[in-house]
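Shown next, in structure tokens, is the structure this report addresses.
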Amino acid sequence: MRGFSFFSVVFAVIGVLLFWSSYIFSGMFESLMASGFVFLIMGSLFCYVAVYRSEKGKAKFLSVVALFFLSFIVVWSDPFQVIRLLTWMKN
0 MRGFSFFSVV
10 FAVIGVLLFW
20 SSYIFSGMFE
30 SLMASGFVFL
40 IMGSLFCYVA
50 VYRSEKGKAK
60 FLSVVALFFL
70 SFIVVWSDPF
80 QVIRLLTWMK
90 N
């Protein structure tokens with residue numbers, strides 16, 4: 000695993016952990032969920048750079064899969080959390 004693939008996986012793991020902890024610590028829900036999504040998006044950007052540079056391995060796709068999977072789970076299970084997060088970001 001080379002540079003961008005490694006950072007893609009690291010940011011994906013951090014994003015998933017922050018996203019998961021937002022449901023445990025409900026007092027800091029907005030900031031943890033927003034931070035989790037930011038880390039997942041950063042991991043996805045590193046994934047695209049790794050694909051562009053033709054780095055070997057398939058682990059780099061973990062961040063993109065995690066981003067779309069977690070987004071689908073949130074929208075499917077509790078769609079008002081997305082509205083809550085967007086309202087928090089607006090203010």
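For the sequence shown, numbering that gives the first Met the number 0 gives the first residue as 0, with consecutive numbering after it.
By construction, the Cβ of each residue, glycine as well, lies at the ideal position given by its N, Cα and C atoms.
Roughly how many whole angstroms lie between the Cα atoms of residue i and residue j?
i, j, result
"F71", "F3", "25 Å"
"F36", "G14", "6 Å"
"Q80", "V73", "7 Å"
"R83", "V12", "24 Å"
Sort the options by Cα distance to residue i and report the nearest one.
i, options, result
"L69", "R1, F6, S7, L16", "L16"
"V63", "S21, F45, G56, Y22", "F45"
Should residue i go down as buried or exposed, given a rule of 16 or more other Cβ atoms within 10 Å for buried?
i, result
"M32", "buried"
"L85", "exposed"
"K59", "buried"
"G56", "exposed"
"S21", "buried"
If residue i and residue j are in contact, beta carbons under 8 Å, what's the gap, nearest whole angstrom?
i, j, result
"E49", "S7", "At residue 49 the sequence reads Ala, which differs from the Glu that was named. With a Cβ gap of about 6 Å, A49 and S7 count as contacting."
"F10", "G42", "3 Å"
Mind listing, in chain order, the continuous alpha helix (DSSP H) runs of no fewer than 4 residues lying wholly within the stretch 37-68? The stretch 37-68 contains no whole alpha helix (DSSP H) run of 4 or more residues.
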